[in-house]
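Data first, discussion second: the structure below is written as structure tokens.
There are 2 protein chains.
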Amino acid sequence: MNTLLLALSAAQLFRFFSFRHSSSTIPALPNNKVIFDKAVAAPNIDTIVSLAKRRGFVFPSSEVYGGLGSAWDYGPLGVELCNNVKQAWWRWIVYDRDDIEGIDSSIILNRLVWQYSGHEATFHDPLVDCRECKSRLRADKLEIPDEARGTPVVELIQQKRLKCSNCGSNDLTEPRNFNMMFRTTLGAAAAEEDPSALAYLRPETAQGIFINFLNVQTAMRRKIPFGIAQIGKSFRNEITPGNFILRTREFEQMEMEYFVKPDAEHLKLVDEWVEQYLDWFRGLGISNDDLKLHEVPADELAHYSKRTVDILYRYFPERAEEERQWEELMGIAYRTDFDLRSHSSKAVDAEGTRVNPDSTEDLSYFDEATKQRFYPHVIEPAAGVNRTVLALLMDAYSEKSNDKGETRVILKLSPRLAPIKAAILPLAKNKPEIVGMAKAIKRSLQPQLRAVYDDTGGIGKLYARQDEIGTPFCVTVDHQSLEDEAVTVRDRDTWEQERIKVSELAEYLQNRLKE
Amino acid sequence: MNTLLLALSAAQLFRFFSFRHSSSTIPALPNNKVIFDKAVAAPNIDTIVSLAKRRGFVFPSSEVYGGLGSAWDYGPLGVELCNNVKQAWWRWIVYDRDDIEGIDSSIILNRLVWQYSGHEATFHDPLVDCRECKSRLRADKLEIPDEARGTPVVELIQQKRLKCSNCGSNDLTEPRNFNMMFRTTLGAAAAEEDPSALAYLRPETAQGIFINFLNVQTAMRRKIPFGIAQIGKSFRNEITPGNFILRTREFEQMEMEYFVKPDAEHLKLVDEWVEQYLDWFRGLGISNDDLKLHEVPADELAHYSKRTVDILYRYFPERAEEERQWEELMGIAYRTDFDLRSHSSKAVDAEGTRVNPDSTEDLSYFDEATKQRFYPHVIEPAAGVNRTVLALLMDAYSEKSNDKGETRVILKLSPRLAPIKAAILPLAKNKPEIVGMAKAIKRSLQPQLRAVYDDTGGIGKLYARQDEIGTPFCVTVDHQSLEDEAVTVRDRDTWEQERIKVSELAEYLQNRLKE
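Line order of the protein sequences matches chains B and C.
According to my numbering, the first sequence is numbered sequentially starting from 1.
According to my numbering, the second sequence is numbered sequentially starting from 516.
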């Protein structure tokens, strides 16, 4: 690519042409539209990994020490993209509505939260050890011979009919449950000495919402129905993380719990939220073709859920079988009153026994209109920041190639999600007046939109870089700008250029960004 | 207070008066300015704890289970205040400048990061156990009799001259070092079985920046001097957390590492950053009287630092001794090249031995201009989100009392930090046209500024609530609004009211918010 751009002659670079909406002559800018014109198929995740590292979106975490099993750090552009997604979600779910409040609860909660939520007892994977090669494997992922289907895994292991996926040995231990919550110890006591010091890193943000239900409802004088939303990190001790930022042990969630009066009709609310989220993802720029729904079968539902619909994204377009191309982007679960009851001091089971003798508060709700007290039911749309970002990067990725096989990447991110809205580029970095004018324009735009100044290359190279990171507009300051106080604005997607007066630039860009 | 407001007669509520800039008559709104006029002294932290819980800023974490030793969750208003502080910092430190990049690294990093940063060996508190009452105490906080000063603590404990601060016994164990990093275990192996699975929750965000130095510098084509900034959670296993959100085990940092060429003059850069941060805090609304500097004595400096200046805030104005009123708000440290060298594959010590045989990369920098290769030095301003929020709440807190001793709280937050910019209030909630107009105004303002609709009380009560949470403007829709398409805008600090056309409201508020 660099070779190609360098090959553009000075004549090409300084040729004059005219553009739409342009009243003055536009000087001195290459327009490579003619050269690149062949669209290329959708990328696989590896394409994104490479672009993400090269351009400062996502780096392998702890890379100087050989990494850390599928952990990733977000670079200068990645952190902006994540923040833009989080802010878009917060505006949509909290600000634009009148019935949802936001909170931010702790990552480390009282251990009793996880005891009564059911996570201590049930949030685990079944693991087996291979006695031969010492590998640790997930029992539910072992390959089962066709003739053995239906027989319980424990029996198959005892009968030596299952094999280690690493070495092929059939000498496997019986499955034991491995809890996926990360453990730690609070205070100076070691956990061995004092079990009360044991704590977990939260595996979901949802429980921080449930235990704050009464605090939020009271402080904000809320009546049902209303929701509570939260963005924050969660941690799951996955045995097999992988596929870039799709499955990591540390990840960021955007969860919302919507509290409603118990009602047989409410399973339908799941469909309403599914539709709202599909609209939201499409609005962010994800193609409808890459989204589909999956109704979770009854026997696979989590212990708290009566119904769950997953929204899947086509993360693996390169796989031959259509069925294997999809992975969960988010889930919308009907959690009933399971969680609020579980944390309530007065809730009782079918035998009339209190379900929670440790809780000091009752999370029931008194309906003034009907004079009824009840435990609200909950609809939970739970989305991941990282999975959303990966889907956005994949959907935005496009390539143009020329006849020589040289390829140029254009990241067609929605302008409101793009890490940088406008790059201000001086055509000549050795000309102090041009540099000064470009920097001044950057500073004047900055309060209204994210702008950067860049002079670390020739103009063609700078354009290519901005295309590759999804910047909707490049603003070039050239020799003529010093005289006509105008600049050239180049569109990322069309590569069309317009000459705009500096005095009108901010308004022009803001209008274009709304398109 | 409620009694007082209820005591306002209907005549008072519906009296007409005129206000500045107002061309039309303003109907029907109480102005309590006359009643409340006595300023009250600065609050202590307990005052803030109470307000914070009552109004939805901060709740005790895991409260339904009796809390969790000084952990706190941020409610609907607290999360907005925190986000506004973080966004203000990010804009100031990343967007408004051209020399700082942002990142977001993982909380759980490779254990080697903490081995080579020095945290595994040195990030600890000395603890003693009381053999009598089994309390665990910090050895450096034990009370030392005047005549014993100068004698090492170990000797004093052996001589039984120090007492347990809990039960008074002098039967204490010798101090042992307790590392303040939270430990956890990655993957299915328990730590006892496999020490390579041991991991820590980061005690500072800084190391995530150092290990990404080369990735950021390369991807963003940066030349020295430049900085890398990060906002994120850190965790320290404090033996004695406390004082609300001032010292918690889980907290949020805003750290920036500014990389410079080694130079004897650079200790002065600490002063420059101190001045910049003082300006920033003052710009956020913190009074200069509540800020002071503390030059950390040489023998108290952290192992990596050659110079550190702390900015202190007066968190304890109620304490008699002026000296005990202050606590660290943030620190600005000159970290030399300690961290980059420690993580570098080629760095050697005085004897020529490689300091880090585990690192796969060298974090030195090649200066094109001088053709020199060196390890950059670092200036680090490290601030806490939670400590900043506490200082802002304390400085914004004010009270007005009347002759009957009734008190009204006004939270004079800087408008750009206030969780809500405008509250849209219907004067009559049983009048559908008024309610509809108020809700429509909320929706029309929302894209530009954070607005809420509230009808859960009489207008006097609603005003009082908004004063207490720091909302700069209340917008009231009344009967006359239906005819003149105008609303009354009330100022939080002056309680002055203006009649504004709905069509001009957004622009009016945006201008006032910039004041």
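C-beta: ideal position from N, C-alpha, C; glycine also.
Bear in mind that the values here come from a model prediction, so they are computed numbers and not experimental data.
Notebook entry, point to check: If you measure from the beta carbon of Gly951 (chain C) to each beta carbon in chain B, is any gap under 8 Å?
Noted result: Position 436 of the second sequence holds residue 951 (chain C). It does not; no Cβ of chain B falls within 8 Å.
Notebook entry, point to check: chain B partners of Gly581 (chain C), CB-CB under 8 Å?
Noted result: On the second sequence, position 66 is the one that residue 581 (chain C) refers to. Within chain B, the residues near Gly581 (chain C) are Asn110 and Thr360.
Notebook entry, point to check: Distance, Cα to Cα, Pro432 (chain B) vs Ala440 (chain B)?
Noted result: Residue mapping note: residue 432 (chain B) aligns to position 432 of the first sequence, counting from 1. Residue mapping note: residue 440 (chain B) aligns to position 440 of the first sequence, counting from 1. Roughly 12 Å between the two C-alpha positions.
Next item on the list: Return no unless some Cβ of chain B is closer than 8 Å to the Cβ of Ala586 (chain C).
Entry: Start at 1 with the first residue of the second sequence, and residue 586 (chain C) comes out as number 71. Yes - at least one Cβ of chain B is within 8 Å of the one on Ala586 (chain C).
Notebook entry, point to check: Hey, would you say Leu827 (chain C) sits closer than 8 Å to Leu729 (chain C), going by beta carbons?
Noted result: Against the second sequence, residue 827 (chain C) aligns to sequence position 312. Against the second sequence, residue 729 (chain C) aligns to sequence position 214. Contact flag unset, no.
Check: Taking Cβ to Cβ, would you say Ile739 (chain C) is nearer than 8 Å to Asn901 (chain C)?
Finding: Locating residue 739 (chain C) in the second sequence gives position 224, counting from the first residue. Locating residue 901 (chain C) in the second sequence gives position 386, counting from the first residue. Remark: C-beta atoms of Ile739 (chain C) and Asn901 (chain C) do not approach each other more closely than 8 Å.
Note to self: Given a cut-off of 8 Å on the beta-carbon distance, is the pair Gly747 (chain C) and Glu767 (chain C) in contact?
What the structure shows: Here residue 747 (chain C) refers to the residue found at position 232 when the second sequence is read from its first residue. Here residue 767 (chain C) refers to the residue found at position 252 when the second sequence is read from its first residue. Closer than 8 Å, so yes.
Check: According to a CB-to-CB cut-off of less than 8 Å, which residues of the stretch 1003 to 1023 of chain C neighbour chain B?
Finding: Under the 8 Å Cβ criterion, the stretch 1003 to 1023 of chain C contributes no residue.
Notebook entry, point to check: So the alpha helix (DSSP H) Cys82 (chain B) belongs to, where does it begin and stop?
Noted result: Within the first sequence, residue 82 (chain B) is the residue found at index 82, counting from 1. Where Cys82 (chain B) is concerned, the enclosing alpha helix (DSSP H) stretches over Pro76 to Trp90.
Checklist line | Presumed contact (8 Å Cβ cut-off) between Leu940 (chain C) and Tyr849 (chain C), rounded CB distance | finding: As a working note, residue 940 (chain C) is residue 425 in the second sequence. As a working note, residue 849 (chain C) is residue 334 in the second sequence. By a beta-carbon distance limit of 8 Å, Leu940 (chain C) does not contact Tyr849 (chain C). Their separation comes to about 52 Å.
Item checked: Beta-carbon proximity list for Asn1026 (chain C), same chain, < 8 Å, skipping 5 on both sides -> Within the second sequence, the letter at position 511 stands for residue 1026 (chain C). The answer is none, since no qualifying residue turns up.
Next item on the list: Would you list the one or two residues that DSSP bridges to Val893 (chain C)?
Entry: Translated into positions along the second sequence, residue 893 (chain C) becomes position 378. Partner residues in the beta bridge of Val893 (chain C), as assigned by DSSP, are C:Phe774 and C:Thr851.
Checklist line | Neighbour flag for Cys133 (chain B) against chain C, beta carbons, 8 Å | finding: Counting from 1 along the first sequence, the entry for residue 133 (chain B) is found at position 133. Not one chain C Cβ lies under 8 Å of Cys133 (chain B).
Check: Mind pulling the chain B residues with CB within less than 7 Å of Thr986 (chain C)?
Finding: In the second sequence, the residue the question calls residue 986 (chain C) occupies position 471. Contacts between Thr986 (chain C) and chain B, judged by CB atoms closer than 7 Å, are missing: the closest CB pair is about 14 Å apart.
Next item on the list: Using a Cβ cut-off of 8 Å (strictly closer), state whether Ala188 (chain B) contacts chain C.
Entry: In the first sequence, the residue the question calls residue 188 (chain B) occupies position 188. Yes - at least one Cβ of chain C is within 8 Å of the one on Ala188 (chain B).
Notebook entry, point to check: How would you list, in chain order, the residues of chain C whose beta-carbon sits under 7 Å from the beta-carbon of Arg161 (chain B)?
Noted result: For the purposes of this step, residue 161 (chain B) is taken as the residue at position 161 of the first sequence. At a C-beta separation below 7 Å, Arg161 (chain B) has no neighbours in chain C, since its nearest C-beta there lies roughly 23 Å away.
Margin query: Quick check: is the beta carbon of Asp233 (chain B) nearer than 8 Å to any beta carbon in chain C?
Written below: Here residue 233 (chain B) refers to the residue found at position 233 when the first sequence is read from its first residue. For the record, residue 233 (chain B) in the displayed sequence is Lys; it is not Asp. Output row for Lys233 (chain B): interface = yes.
Note to self: So for Gln253 (chain B), helix, strand or coil by DSSP?
What the structure shows: On the first sequence, position 253 is the one that residue 253 (chain B) refers to. Of the three classes helix, strand and coil, the one that applies to Gln253 (chain B) here is strand, per DSSP.
Next item on the list: Using alpha carbons as the reference points, say which of B:Leu291, B:Ser62 and B:Gly102 lies closest to Glu255 (chain B).
Entry: Here residue 255 (chain B) refers to the residue found at position 255 of the first sequence. Measuring from the Cα of Glu255 (chain B), the nearest candidate turns out to be B:Gly102.
Margin query: Using 8 Å as the threshold, is the C-beta distance between Phe178 (chain B) and Pro203 (chain B) below it?
Written below: Within the first sequence, numbered from 1, the residue matching residue 178 (chain B) stands at position 178. Within the first sequence, numbered from 1, the residue matching residue 203 (chain B) stands at position 203. For Phe178 (chain B) and Pro203 (chain B), no; Cβs fall outside 8 Å.
Next item on the list: Please state whether DSSP places His994 (chain C) in a helix, a strand or coil.
Entry: Sequence index remark: in the second sequence, residue 994 (chain C) carries index 479 (1-based). Judged by DSSP in its simplified three-state form, His994 (chain C) adopts coil rather than helix or strand.
Checklist line | Contacting residues, own chain, Cβ-Cβ under 7 Å from Ser874 (chain C) (five flanking each side not counted) | finding: By one-based count along the second sequence, residue 874 (chain C) stands at place 359. Answer for Ser874 (chain C): His858, Ser859 and Ser860, listed in chain order.
Next item on the list: Identify the contact partners of Tyr74 (chain B) in chain C, using a Cβ-Cβ distance below 8 Å as the criterion.
Entry: Residue mapping note: residue 74 (chain B) aligns to position 74 of the first sequence, counting from 1. Among the residues of chain C, those whose CB is under 8 Å from the CB of Tyr74 (chain B) are Ile618, Asp619 and Ser620, following chain order.
Next item on the list: Compare the beta carbon distance of Val389 (chain B) and Ala422 (chain B) with 8 Å and say whether it is the shorter of the two.
Entry: Walking along the first sequence from the start, residue 389 (chain B) turns up at place 389. Walking along the first sequence from the start, residue 422 (chain B) turns up at place 422. For Val389 (chain B) and Ala422 (chain B), no; Cβs fall outside 8 Å.
Item checked: Neighbour flag for Ala418 (chain B) against chain C, beta carbons, 8 Å -> Sequence index remark: in the first sequence, residue 418 (chain B) carries index 418 (1-based). It does not: the Cβ of Ala418 (chain B) has no partner Cβ on chain C nearer than 8 Å.
Margin query: Using only the alpha-carbon positions, how far apart do Arg97 (chain B) and Thr1003 (chain C) sit?
Written below: Taking the first residue of the first sequence as 1, we reach residue 97 (chain B) at position 97. Taking the first residue of the second sequence as 1, we reach residue 1003 (chain C) at position 488. Taking the straight line from one Cα to the other gives about 23 Å.
Checklist line | Selection from B:Glu300, B:Ala347, B:Phe210 and B:Leu293 that minimises the alpha carbon distance to Ser106 (chain B) | finding: Counting from 1 along the first sequence, the entry for residue 106 (chain B) is found at position 106. Of the candidates B:Glu300, B:Ala347, B:Phe210 and B:Leu293, the residue whose Cα lies closest to the Cα of Ser106 (chain B) is B:Phe210.
Next item on the list: State whether the stretch 597 to 605 of chain C contacts the stretch 110 to 123 of chain B, with contact taken as three or more CB pairs (one from each stretch) at a distance under 8 Å.
Entry: Proximity of the stretch 597 to 605 of chain C to the stretch 110 to 123 of chain B falls short of the contact definition, fewer than three beta-carbon pairs being nearer than 8 Å.
Checklist line | Near-chain B residues of the stretch 834 to 865 of chain C - C-beta to any C-beta below 7 Å | finding: Taking 7 Å as the upper bound on Cβ-Cβ separation, chain B lies near residues His858 of the stretch 834 to 865 of chain C.
Next item on the list: Output yes if chain C places a C-beta closer than 8 Å to the C-beta of Tyr375 (chain B); else output no.
Entry: Your numbering for residue 375 (chain B) matches position 375 in the first sequence. By the rule that beta-carbons nearer than 8 Å mark a contact, Tyr375 (chain B) does not touch chain C.
Notebook entry, point to check: How big is the Cα-Cα spacing for Val579 (chain C) and Ser650 (chain C)?
Noted result: As a first step, residue 579 (chain C) is located in the second sequence; it is residue number 64 there, counting from the start. As a first step, residue 650 (chain C) is located in the second sequence; it is residue number 135 there, counting from the start. Near 26 Å, if we compare the C-alpha coordinates of Ser650 (chain C) and Val579 (chain C).
Item checked: Within-8 Å CB hit, Leu816 (chain C) to chain B -> Position 301 of the second sequence, counting from 1, holds the residue named residue 816 (chain C). With respect to chain B, the C-beta atom of Leu816 (chain C) has no partner C-beta closer than 8 Å.
Margin query: On the criterion of 16 or more Cβ atoms from any shown chain inside 10 Å, does Asp640 (chain C) qualify as buried, or is it exposed?
Written below: The residue given as residue 640 (chain C) occupies position 125 in the second sequence. Per the 10 Å Cβ criterion, buried.
Check: Going by DSSP, what residues sit across from Lys678 (chain C) in a beta bridge?
Finding: As a working note, residue 678 (chain C) is residue 163 in the second sequence. In DSSP, Lys678 (chain C) forms no bridge with anything.
Check: DSSP state of Glu485 (chain B), grouped into three classes?
Finding: Within the first sequence, numbered from 1, the residue matching residue 485 (chain B) stands at position 485. Coil, per DSSP.
Next item on the list: Return no unless some Cβ of chain C is closer than 8 Å to the Cβ of Thr151 (chain B).
Entry: Reading the first sequence from its first residue, position 151 is the one you call residue 151 (chain B). Chain C places no beta carbon closer than 8 Å to that of Thr151 (chain B), leaving this residue out of the contacts.
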